[in-house]
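The next block holds one structure in the form of structure tokens; read it before the comments.
Protein chains in written order, with the working numbering: chain A, 127 to 775; chain B, 127 to 775.
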């Protein structure tokens, strides 16, 4: 079924796995072994009731903590390995297994532990980290409220400083301000990091984080704390999500995680960061690893799905086409190739993009002097990769499920859990649309620290704020137009896209860069024009919002492609590089094909060339077809984790 | 936030519901009331374990049978109402409630009952229908096997006629031939309609249906029958799906459902239909209502999702944009409108398409003399509407879930069940891709009865068969080209699309028709060319497969739009018609926008006009925004069925 005369490269599967595993091969391998050890949970989860499933997930999390799989990012003196990169590699790899385990690890060690580590000072580290890392102290991260998910600056929970007793009084003023969907809260957390509006002498100082005990030794809620179970969810039912109300709960002054702001005994507020907005976003910025982690876990979950679906398609026969006596393998059908192989290519692309992101995270987090622009660029990359990585997971798992027909619907075949569990990835740790707005804001402001106190979780403030005109005037339009001229020396002339070959990575990158820059300049102009015309800023933003989000997506697709191309440049020539080149071309052309209308509308793609791209994708699928089995094997999903009754091996 | 100076129509909600309910308003209303009566099940389902949930679903099904909601399509003399249309309206409406109930009703009364009714003769009707309709006799429909889902003609189960005893011997030769995913089989069915290869004296006569008892009065499997529970599934866990093996199970000669073929006591096979293929597809064709039903249920399930998401977006505020003191309603954000309102428009469009399909079904099924072409056209329309209706459900439910953020992930808010339960709709009652191939085959052969014995479940045989060249030669290319000339008197000239207004339904229809005809002619040419070049038919088909499926999709999108336009033509002028016109325009332009690259590539859309379409969609969304609440209210999802803790009312 392949193209005439074409010989697909002879993939060295183990070598390709080494390329994918990268610098953390040992860590990844250790976690994979751990997941195999606990693979029985995948079966048990099908039959256990919710309380029992939660209990088993807790046991597995504690066992992995004991084995040292979950604390690699913490300082050595508290039992960690002081290695953020290793910690991310370990966490991502958990995405291959039961995702309630992954999520509970994320809540305990990433969110709860990360808040103590990054927002607290030595006193907090000494007090909490050892027990937290060992799993002896279980905690939760109480940020989201029923009334406020994305717009965290407007949280309703209050932490009033009582100067008489030197205590903070944590209080939930109304039901909209109850903490909601909080992982670990319904049953297991003894302590919470609570985000609340700090009030001193009637003045509000904005949102800060406090360590608040929730339960006594027996697990009973402490006085003033009310907890409700969120009950069953679409997925992740091994995690105990809950709601929390605080009724005038008193905690000592030291409960404030005071790395970025403190309150003296006499009630004087101080902070090394003057701007309230920047202070808030600096605090939130330290929690960026949660997004990096979720995106990585999603990408790894999609590896499981694509592996199962490709292997099934290499085994399942349906209808006779060429030979009346033999039915065809599913993967020999063009439509089936079209459905699965571009997703396989994108899984590789997202993997390499995630590798770059994790390396950035490691670099910035181990360099106390990393400039603020770099931190912002990291946050933006994390937001964008998380959004595209989790959407990729949702789409891939769904398509793979459908490509396996009725067998895919049976819970025994893993898609049920993969699909249900990853579903919330697109909205938790930041709703994907809101995250793409954050990416767009970074692009529009060029990550300038001048704009650090603009709301990072949306463009609303940015647009509505008084600074908007000057922002656009000063930073966006002119710079962008200059940048576009840099990228495209030929300016507007149409010749370049007719010269380059369809499989030239420079052509792919040029196309993706041009789209991004053009969209960005267009958004900036539209925002500015709307404001100049005196339109209501909400209306201006509302009308441009899809354009804003499309711009961010274009940006992330470009950096994903760059990650893949950069990775290829580091590899020695040989069959594995040839195989990855096929996947990279398939990824790039699939991106262009899916938005080809845009390039045509903007004069960057002729209709003839657009059709040629579609044909080329068909050719690439046929070239990938003979090595598809090897390419999924290289993803190194251990057999017990792709356990399915529908696969022969 | 609406367009300046534009006044949205004042919708009469009750009147619009009457338009939607159409001729079966009473039936729909009766079923809605029934669902409200049993709405408690929606809560219970969240906490019940699988056995208890199955039991409750059974109870509700039996209660609805007793209330006469489930048997409307059966003859009056057996307790039915002899009204296929009413039966479909009732069944579709079940899509608003618990979907395990809907599925179990479908299995019992649609599949099991439908097989007895349509494939059996009076003897079978007398023996089974009264108890079947009352729910006293529970049954299942044992067609699918582990090894064969879509390719039913190649089923492995054998029914050998033993002339000595005058019995059929039903046997499962190997595990690939076990019956699989069979609803009602794991627990409740006492009897099955089993599809098996009829063998007489060593000769195979093809697949036929037999009534085979499965269990005794106590529920124990009968000798020779082995049943296994399929266990947990992604959704529909209130339905007991099972696997069945038969070990030389003997049934009397009368067990053959003999409307279309019979075996005499002496083992002589006879049938009024000479061609084996046509006989087989005639039998299958009588079961078309299963597809009509599933598509309709999917469309109704999407009504629940879009209603919840729109209502939530009219209540939930997020970020301040226009006024620092007040956060905006979600539905005032452009992106949110873009995400939800085209799906609302498509929900209406699919509803009206389903109405036409159900009317066709009613007409054909009540006319014993309906010509074969009409039956084939019905099957094709059913296949296409099922495919697009169930994909619409999957997409709508997912987008609505995400648009409700974390709240949408909580099982208490209905999305969990909607999403999980409808997931399999895209692959059961015919995999959607296979169904679209069936649609394409109908188009390519013009529903000619000459090709009735080509495999309806795929194009493989059609392509591989010896008749392919003549098929294309005789029927396709020339006729299609003529038809294209009829539709487009201007031929290839480009002027017509610049003259018509963007909101002119004739323009929309012209665009959709032109795409369909052009694609169809292209596919026919490619198939023929491949065969002329002596390529392997499997390769030819594989390479064209995405083109084939895209053609079918284009066809179905066209007939969906026609249904909407035709419906509008029957309505009196007024605000409700104005409102529906907005939705119809939004549907049509969304279809064109999403495939605009194709029209540009084929010279039917200028890039300027493509951009204008995108702008117009934004305008339409803003025009629909003020009446979005009314438009979902008119869908008449009873409040207890959109029960969510996240909605205020």
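Using N, Cα and C, we set each Cβ at its ideal position, and we do this for glycine too. Please read all numbers here as calculations on a predicted model, not as lab measurements.
So residue i contacts chain B; which residues on that side make the cut at Cβ distance below 8 Å?
i: residue 550(A); result: 532, 535
i: residue 799(A); result: An answer regarding residue 799(A) cannot be provided, because it is not within the stretch 127 to 775 covered by chain A.
Anyone know if the C-beta pair for residue i and residue j falls short of 8 Å?
i: residue 268(B); j: residue 207(B); result: no
i: residue 155(B); j: residue 459(A); result: no
i: residue 763(A); j: residue 420(A); result: no
i: residue 360(A); j: residue 551(B); result: no
i: residue 172(B); j: residue 358(A); result: yes
i: residue 490(A); j: residue 406(A); result: no
i: residue 696(B); j: residue 642(B); result: no
i: residue 394(B); j: residue 310(B); result: no
i: residue 675(B); j: residue 488(B); result: no
i: residue 340(A); j: residue 347(A); result: yes
i: residue 538(A); j: residue 771(A); result: yes
i: residue 466(B); j: residue 440(B); result: no
With DSSP as the reference, label residue i as helix, strand or coil.
i: residue 144(B); result: helix
i: residue 369(B); result: strand
i: residue 352(A); result: strand
i: residue 360(A); result: coil
i: residue 224(A); result: coil
i: residue 554(A); result: coil
i: residue 813(A); result: Nothing in the structure corresponds to residue 813(A), since chain A is present only between 127 and 775.
i: residue 603(A); result: The pLDDT assigned to residue 603(A) is 43, lower than 50, so where the model puts this residue is not dependable; a value taken from the coordinates is nonetheless given after this. Residue 603(A) falls in the helix class under three-state DSSP.
i: residue 762(B); result: coil
i: residue 545(B); result: helix
i: residue 313(A); result: coil
i: residue 577(B); result: No answer about residue 577(B) holds up, because its pLDDT of 45 lies below 50 and its placement is not dependable.
i: residue 299(B); result: coil
i: residue 254(B); result: helix
i: residue 133(A); result: coil
i: residue 444(A); result: strand
Using a cut-off of 7 Å between C-beta atoms, extract the partners of residue i located in chain B.
i: residue 727(A); result: 733, 736, 737
i: residue 220(A); result: Result: empty, since nearest Cβ-Cβ is about 20 Å, beyond 7 Å.
DSSP has residue i in a bridge; who is on the other side?
i: residue 329(B); result: 326(B)
i: residue 320(B); result: 268(B), 336(B)
i: residue 536(B); result: 359(A)
i: residue 288(B); result: 293(B)
i: residue 382(B); result: 336(B)
i: residue 396(A); result: 388(A)
i: residue 305(A); result: 271(A), 370(A)
i: residue 376(B); result: 295(B)
i: residue 341(B); result: 347(B)
Going along chain A in order, which residues have a C-beta closer than 7 Å to the C-beta of residue i?
i: residue 671(B); result: 459, 460, 461
i: residue 528(B); result: 552, 553
i: residue 307(B); result: 532
i: residue 538(B); result: 357
i: residue 722(B); result: 723
i: residue 559(B); result: 461
Mind pulling the chain B residues with CB within less than 9 Å of residue i?
i: residue 464(A); result: 671, 672
Please list the partners that residue i has in chain A, where partner means a Cβ-to-Cβ separation under 9 Å.
i: residue 175(B); result: 175
Can you pull the chain E neighbours of residue i, defined as C-beta to C-beta under 7 Å?
i: residue 545(B); result: In the displayed structure, chain E is absent; the protein chains listed are A and B.
Can you list the residues of chain A that residue i reaches, using a CB-CB cut of under 8 Å?
i: residue 270(B); result: 532
task: Ignoring anything shorter than 4 residues or poking outside the stretch 154-220 of chain B, list the alpha helix (DSSP H) runs there in chain order.
output: 166-173, 176-192, 210-219
query: What residue ranges within the stretch 473-524 of chain A form continuous alpha helix (DSSP H) runs of no fewer than 4 residues, ordered along the chain?
result: none
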